[in-house]
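Numbering (this note's numbering), first residue to last: 26 to 539.
Glycine is no exception: its CB is placed at the ideal position from the N, C-alpha and C atoms.
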Amino acid sequence: MKGLGLTGASLSAIGATSPLFHDLDEVMSSDTARTKQPWWVKEVDKPTVEIDFKLTERYDQISRLIYYNQPKYVDPAEIADLTKQGQDNFKKHMAAGDPGQDIKGLALCEGGVFGWSSSHGDFPEYFLGDPFAKTPEEWGISKWQGTPEENSRVITAAAKLFGACITGFAQIQNEDFKKYFFIRGRDFEGPVIDDPSDARLGKSRPGNMLVSSGGGFSLVPAQYSFGTSASPIRELVFEDVDKPYSTDSKKVIPNSFKSVIVMAVPQDPYLTRLGPSAVPGDGRITGFAATGQSYGFLSIVQRRFQKFMKTLGYSCLGGGTGGLAPVTSWGVWSGLGEMNRMNPMLIPEWGTMIRSTIIFVSDIPIVPTKPIDAGMFRFCHTCRKCAEACPYQAISLENEPTWEAHNAANCSGAKKFFLKAENCMKHRLVMGKDWLGCDNCMSSCPFGEGSTSFIHAFVKSTLATTPVFDSFFYNMSKSFGYGHFADPEEWWHGDHAVGGPINTVGTRWHDSWT
């Protein structure tokens, strides 16, 4: 400890601010302890990021998100140039067999993305729930009717089995919370038709759909064709109705549906770190297999959970990542994690190593879980590692967060560090595959490190209770070299957990509390 500059006085400061527990029974019985998160995570009444509902507005993802509106934020000539560079780079690396950018890496990505709905189209999503599941009435039995506490416990247990690393609960408390739903979100809904003799193939219905255009996704004023995974982009509407429903133009949530179920899906931390490069326009596609696998898990978890809920006898409205709402907002309100400098959510146990969060809206009664304070967003004010690691200057280097959004691609209403998403998109274009991300920020974050030693758990608990050490631990993280591994070839020679991050609980990456 002295080697790290932690003297007796320093440790005394920690002890003075840390909760005092004599044994695990006291921890578990404490009103402030969370059974599914470390003892040093505090429940609070409001998120650690400042919220102003007067500045919050419903976000129309289809007209504002960078992925679908590149020419609004990046000059079309630059898009064309970067896309051409990307195509050339992809061919060059493949021909040379460069480590991490060879056919092995490409094959790993293609296999990993199975289940990812989007334009890949091999695993459709359903807003109203799995159409192939049976209701209790169809089984000839009564629906499950538990207390809100029992419902929350049953849901959490099932979600973990299905692949979610953590589950939380929130409520649509009033009209302000409806602002956390998109006007229109990503709308990828089945069925995907594999039989070439199916009479529905080639038939269409009105609407716009998202298609991959080589340099990203774009909106095309086309017809919805059966046999693809893209549906018309429908508006998300709240109505005074008893049951949810959907049409070709809208998806309807009953105003009586108050329960929001929030889950996070993990991403392989080791594989993720094989992807980034400090050089603009460079990167290794091997690392993206972790991203694709995590998105695939997300779609599969959603289908499993919707089938589970329908069998219990409850509605479970879903939309995958980006289908219903800005998921980070609900993750923060439900206590899964905190806001951070790079904008996605930080989870105490997993740090940045979650690819996304999914939410469900239901009529099942639940007990809301409170927001948390683990000192992470406060630490982000001092730490700039993700911003310094970004080769595109997409992440703010400012000392303090702001209410002022960078541009229309950002969601307003929170005092945070806003992202320049157009700079991030330039990397995707120049990588030669429109779905390739960068992951420099995720890989460089100190909270993204696994639980490799006692000192790391000690650091996390100290940050949560003693902010005076924030700058010290930031410098220590730089000295420890948190970031990506240099050689992507080493992954092929490693002994990895079966199924990737889903099965790393209790290993050196994740403590047993997860």
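Looking from the CA of Gly360, the closest CA among Glu175, Val287 and Gly347 belongs to Val287. When the alpha-carbon of Thr172 is set against those of Pro390, Gln418 and Leu133, the nearest one is in Pro390. Between Arg83 and Met467, the alpha-carbon positions lie close to 27 Å from each other.
Cβ contact annotation for Thr394 (same chain, cutoff 6 Å, sequence separation greater than five): Gly193, Phe194, Ser359 and Gly360, in chain order.
Contact between Leu296 and Trp65 fails: their C-beta atoms lie close to 28 Å from each other, not under 8 Å. Taking every protein chain shown into account, the CB of Val69 has fewer than 16 other CB atoms within 10 angstroms, so this residue is exposed.
For Glu175, no beta strand (DSSP E) run applies; the uninterrupted alpha helix (DSSP H) run containing it begins and ends at Pro173 to Phe187, by DSSP.
Using a 10 angstroms sphere on the CB of Val523, the tally of other CB atoms stays under 16, which defines it as exposed.
Annotation: Arg380 is outside any alpha helix (DSSP H); the continuous beta strand (DSSP E) that includes it extends over Ile379 to Ser387. Counting the other CB atoms within 10 Å of its CB gives Glu429 a total below 16, which places it among the exposed residues. Membership of Glu447 in the alpha helix (DSSP H) is indicated by the continuous run Ala446 to Val455. For Ile76, DSSP records a beta bridge to Ala439.
Non-local beta-carbon contacts of Cys415 in its own chain, meaning distances under 7 Å to residues more than five positions away in sequence, involve Asn465 and Cys466 in chain order. Judged by beta-carbon spacing, Met401 lies beyond the 9 Å limit of Leu444, meaning their Cβ atoms are not closer than that value. By the 16-neighbour rule on beta-carbons within 10 angstroms, Asn94 is buried.
DSSP lists Leu261 and Ser271 as the beta-bridge partner residues of Lys276. Annotation for Ile87: the continuous alpha helix (DSSP H) segment containing it runs Gln86 to Arg89.
Assignment of Asp113 by DSSP, reduced to helix, strand and coil, places it in the helix class. In the pairwise beta carbon analysis, the stretch 173-187 is classified as touching the stretch 316-334: at least three pairs are separated by under 8 Å. Relative to Gln198, the option among Phe282, Gly525 and Lys116 whose CA is nearest is Phe282. By alpha-carbon distance to Arg380, the top candidate from Pro369, Gln112, Pro269 and Trp164 is Pro369. Distance from the Cα of Lys67 is smallest, within the candidate group Val386, Gly362 and Ser167, for Gly362. The Cβ atoms of Gly338 and Ser177 lie no closer than 9 Å to each other. Assignment of Ser469 by DSSP, reduced to helix, strand and coil, places it in the helix class. Per DSSP, the continuous alpha helix (DSSP H) segment holding Ile310 begins and ends at Ile310 to Leu337. CA-to-CA, the gap between His406 and Arg366 works out to about 8 Å.
For Pro156, no beta strand (DSSP E) encloses it, and the DSSP letter there is neither H nor E.
Restricting attention to Phe213, Gly165 and Thr382, the CA atom closest to the CA of Asp273 is found in Phe213. No Cβ-Cβ contact shorter than 9 Å links Phe442 with Glu413.
Rounded to whole angstroms, the gap between the alpha carbons of Pro471 and Asp127 is 29 Å.
Restricting attention to Ser387, Ala419 and Asp155, the CA atom closest to the CA of Asn448 is found in Ala419.
Taking a C-beta distance under 9 Å as the contact criterion, Lys451 and Leu107 qualify as a contact pair. Annotation for Thr394: no alpha helix (DSSP H) segment contains it, and DSSP assigns it neither H nor E. Spanning the alpha carbons of Gly125 and Leu454 requires a straight line of approximately 18 Å.
Sequence-distant Cβ neighbours of Asp85 in its own chain, meaning closer than 8 Å and more than five residues away, are Phe207, Ile208 and Arg209.
One thing to note: Tyr270 has its Cβ no nearer than 9 Å to the Cβ of Trp141.
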